[in-house]
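Student: Quick note, the sequence shown lines up with residues 1 to 291 if you use this note's numbering. Got a structure for you, written out below as structure tokens; questions coming shortly.
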Amino acid sequence: MSELIYLNGEFIPQEDACVPVMDRGFLFGDGVYEVIPAYAGQPFRLREHLHRLNASLEGICMSPPLAEDQWRRILQQLLAQRGTEDQQIYLQITRGAYGKRLHTIPDHVTPTVMAFATELTRRDPEMVKQGMSVITLDDIRWERCNIKAITLLANILSQQQALDEGAQEAILVRDGMANEGTASNLFIVKDELIITPPKSQRLLPGITRDLVLELAGDAGLPYAEASISVEELETAEEIWITSSTREVMPVTRLNGHPVANGRPGPMWEKMDALYTACKARLRLRGSPSAE
Ligand code: PDD
Numbered sequence: 001m002s003e004l005i006y007l008n009g010e011f012i013p014q015e016d017a018c019v020p021v022m023d024r025g026f027l028f029g030d031g032v033y034e035v036i037p038a039y040a041g042q043p044f045r046l047r048e049h050l051h052r053l054n055a056s057l058e059g060i061c062m063s064p065p066l067a068e069d070q071w072r073r074i075l076q077q078l079l080a081q082r083g084t085e086d087q088q089i090y091l092q093i094t095r096g097a098y099g100k101r102l103h104t105i106p107d108h109v110t111p112t113v114m115a116f117a118t119e120l121t122r123r124d125p126e127m128v129k130q131g132m133s134v135i136t137l138d139d140i141r142w143e144r145c146n147i148k149a150i151t152l153l154a155n156i157l158s159q160q161q162a163l164d165e166g167a168q169e170a171i172l173v174r175d176g177m178a179n180e181g182t183a184s185n186l187f188i189v190k191d192e193l194i195i196t197p198p199k200s201q202r203l204l205p206g207i208t209r210d211l212v213l214e215l216a217g218d219a220g221l222p223y224a225e226a227s228i229s230v231e232e233l234e235t236a237e238e239i240w241i242t243s244s245t246r247e248v249m250p251v252t253r254l255n256g257h258p259v260a261n262g263r264p265g266p267m268w269e270k271m272d273a274l275y276t277a278c279k280a281r282l283r284l285r286g287s288p289s290a291e
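Structure, rendered in structure tokens:
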């Protein structure tokens, strides 16, 4: 039997889960989403993800359709289907189906709420060892990149261009500043200082980004939230990208050139170990409410 997905209050087999073609998510990309990793059956940083979800909803003039404890119950039920296997949850809320295609926001429309759990996309161990290859590209996205909107066409085109050019991610540049990847946040190490761009409408406030800063603070590693120019990127001692599924990945090639000596750096090694230890603590605690 296929796994159940959550759709508008029900748990149903994926093949039976249908959304009307008039759904504004389908017509306009009018919705927001989250991707939440789960280790040993426990969602990681759930509260932070739900907080960002609500901020994204506010950013598109929607109210949260569910409270935190309701989400917790739904996600536990989805995760329970695969037991304690590591998984990832995808959840999406669109403005819902309205009778006609309307560019303005309708007064009365019921949101479409959907969530499912799948196997965790694991980091390729060889890529972790060798480091990633990235290119820089002009940021062709809109000016509200802090909202985790499902409208991802610009991200998709940029990610594909990176792939076509033999890289695994594109770092997006606006006005000479490197802000983030197509699906990741950006860090550099310069004079042993860990630097990531400050939160703004030009980047997603990544949950992994925040955790990396928290772990750096706890471990006494110096860090700063500061803009990163293309020149600083090109001369960085280390470059990392972060996301919930890729965790903290070293970047060892930028636009075809090696980053420093072309190998994952010592600061990355420290941070990767801190991140792994943080995940291990969640496994040990084993309580969904602990995180
Ligand atoms: N993307 N920036 C962008 C544009 C992203 O899409 C993501 C994550 C991040 C990292 O955020 P976090 O650490 O909260 O995962 C930054 C997810 C994983 C995705 O779209 O699949």
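The beta carbon of each residue, even a glycine, is placed where N, CA and C say it ideally should be.
When DSSP labels each residue in this structure, what does residue 90 get in the three-state scheme?
Tutor: Taking the sequence shown and counting its residues from 1, the one referred to as residue 90 is at position 90. Looking at residue 90 - three-state DSSP - the assignment turns out to be strand.
Student: In the DSSP assignment, find the unbroken beta strand (DSSP E) run with residue 19 in it and report its ends.
Tutor: Walking along the sequence shown from the start, residue 19 turns up at place 19. Careful: residue 19 lies outside any beta strand (DSSP E) and carries neither H nor E.
Student: Can you find a heavy atom of ligand 1 that lies under 7 Å from the Cβ of residue 123?
Tutor: Taking the first residue of the sequence shown as position 1, residue 123 is located at position 123. No, the Cβ of residue 123 stays beyond 7 Å of every heavy atom of ligand 1.
Student: In angstroms, rounded to a whole number, what distance separates the CA positions of residue 247 and residue 89?
Tutor: For the purposes of this step, residue 247 is taken as residue 247 along the sequence shown, with counting starting at 1. For the purposes of this step, residue 89 is taken as residue 89 along the sequence shown, with counting starting at 1. Between residue 247 and residue 89, the C-alpha separation is close to 15 Å.
Student: Quick check on this structure: which residue in 179, 238, 271 and 279 has the alpha carbon closest to the alpha carbon of residue 261?
Tutor: Here residue 261 refers to the residue found at position 261 of the sequence shown. If we check each option's Cα against that of residue 261, 238 comes out closest.
Student: Going by the C-beta, is residue 59 closer than 7 Å to any heavy atom of ligand 1?
Tutor: Your numbering for residue 59 matches position 59 in the sequence shown. It does not: the Cβ of residue 59 is nowhere closer than 7 Å to a heavy atom of ligand 1.
Student: Would the C-beta of residue 173 count as close to ligand 1, meaning under 7 Å from any of its heavy atoms?
Tutor: Your numbering for residue 173 matches position 173 in the sequence shown. Because no heavy atom of ligand 1 lies under 7 Å away, the Cβ of residue 173 does not count as near it: no.
Student: For residue 42, count the other beta carbons within 10 Å of its own beta carbon; 16 or more makes it buried, fewer makes it exposed. Which is it?
Tutor: Sequence index remark: in the sequence shown, residue 42 carries index 42 (1-based). Classification of residue 42: buried, given that the 10 Å Cβ count is 16 or more.
Student: Looking only at its own chain, which residues have a Cβ that is under 6 Å from the Cβ of residue 155, when we skip the five neighbours before and after it?
Tutor: Working through the sequence shown from its first residue, we reach residue 155 at position 155. 182.
Student: Taking 7 Å as the line, does the beta carbon of residue 35 fall inside it for any heavy atom of ligand 1?
Tutor: Translated into positions along the sequence shown, residue 35 becomes position 35. Indeed, a heavy atom of ligand 1 lies less than 7 Å from the Cβ.
Student: Using the Cβ count rule (16 or more neighbours within 10 Å means buried), how would you classify residue 180?
Tutor: Locating residue 180 in the sequence shown gives position 180, where the first residue counts as 1. Result: buried.
Student: Smallest Cα separation from residue 245: which of 118, 141 and 50?
Tutor: Translated into the one-based positions of the sequence shown, residue 245 becomes position 245. If we check each option's Cα against that of residue 245, 118 comes out closest.
Student: Rounded to a whole number of angstroms, what is the C-alpha to C-alpha distance between residue 3 and residue 24?
Tutor: Residue mapping note: residue 3 aligns to position 3 of the sequence shown, counting from 1. Residue mapping note: residue 24 aligns to position 24 of the sequence shown, counting from 1. Near 26 Å, if we compare the C-alpha coordinates of residue 24 and residue 3.
Student: Could you check what DSSP says for residue 123 in three-state terms: helix, strand or coil?
Tutor: One-based indexing of the sequence shown puts residue 123 at position 123. If DSSP states are grouped into helix, strand and coil, residue 123 belongs with coil.
Student: Classify residue 145 as buried or exposed, calling it buried when 16 or more other Cβ atoms lie within 10 Å of its own Cβ.
Tutor: As a position in the sequence shown, residue 145 is number 145, starting the count at 1. Its Cβ being crowded by 16 or more others within 10 Å, residue 145 is buried.
Student: Report the rounded CA-to-CA distance for residue 103 versus residue 21, giving the unit in angstroms.
Tutor: The residue labelled residue 103 in the question sits at position 103 within the sequence shown. The residue labelled residue 21 in the question sits at position 21 within the sequence shown. If I take the Cα positions, the gap works out to 16 Å.
Student: Could you tell me the alpha carbon to alpha carbon distance between residue 57 and residue 64, rounded to whole angstroms?
Tutor: What you label residue 57 is simply residue 57 of the sequence shown in a count that begins at 1. What you label residue 64 is simply residue 64 of the sequence shown in a count that begins at 1. Each residue's alpha carbon lies about 7 Å from the other.
Student: Do residue 264 and residue 252 have their beta-carbon atoms positioned less than 8 Å apart in this structure?
Tutor: Counting from 1 along the sequence shown, the entry for residue 252 is found at position 252. Counting from 1 along the sequence shown, the entry for residue 264 is found at position 264. A contact, by the Cβ cut-off of 8 Å.
Student: For residue 208 and residue 158, which I take to be in contact (beta-carbon distance under 8 Å), what is that distance rounded to the nearest angstrom?
Tutor: Here residue 208 is taken as the residue at index 208 of the sequence shown, counted from 1. Here residue 158 is taken as the residue at index 158 of the sequence shown, counted from 1. In fact, because the Cβ distance is near 20 Å, the residues do not count as touching under 8 Å.
Student: Can you tell me whether residue 18 is buried or exposed? The criterion is at least 16 other CB atoms within 10 Å of its CB, across all chains shown.
Tutor: As a first step, residue 18 must be located in the sequence shown, where it is residue number 18. Exposed, since its Cβ has fewer than 16 Cβ neighbours within 10 Å.
Student: Sorry if obvious, but does the Cβ on residue 242 come closer than 7 Å to a heavy atom of ligand 1?
Tutor: To locate residue 242, count along the sequence shown from 1; it is residue 242. Checking every heavy atom of ligand 1 against the Cβ of residue 242, one is found closer than 7 Å.
Student: I'd like the list of long-range same chain contacts for residue 176, defined as Cβ closer than 7 Å, with 5 residues on each side in sequence excluded.
Tutor: Taking the sequence shown and counting its residues from 1, the one referred to as residue 176 is at position 176. Hits under 7 Å: 229 and 230.
Student: Considering only heavy atoms of ligand 1, does any lie closer than 7 Å to the CB of residue 184?
Tutor: If you number the sequence shown from 1, residue 184 lands on position 184. True, at least one ligand heavy atom lies under 7 Å from that Cβ.
Student: So is residue 163 buried or exposed if we call it buried at 16+ other beta carbons inside 10 Å?
Tutor: The residue labelled residue 163 in the question sits at position 163 within the sequence shown. When all chains shown are included, residue 163 counts as exposed.
Student: Under a three-way DSSP split, which group does residue 174 fall into?
Tutor: Within the sequence shown, numbered from 1, the residue matching residue 174 stands at position 174. Looking at residue 174 - three-state DSSP - the assignment turns out to be strand.
Student: Taking the CB atoms as reference points, tell me whether residue 270 and residue 236 lie closer together than 8 Å.
Tutor: Residue mapping note: residue 270 aligns to position 270 of the sequence shown, counting from 1. Residue mapping note: residue 236 aligns to position 236 of the sequence shown, counting from 1. Cβ atoms of residue 270 and residue 236: not closer than 8 Å.
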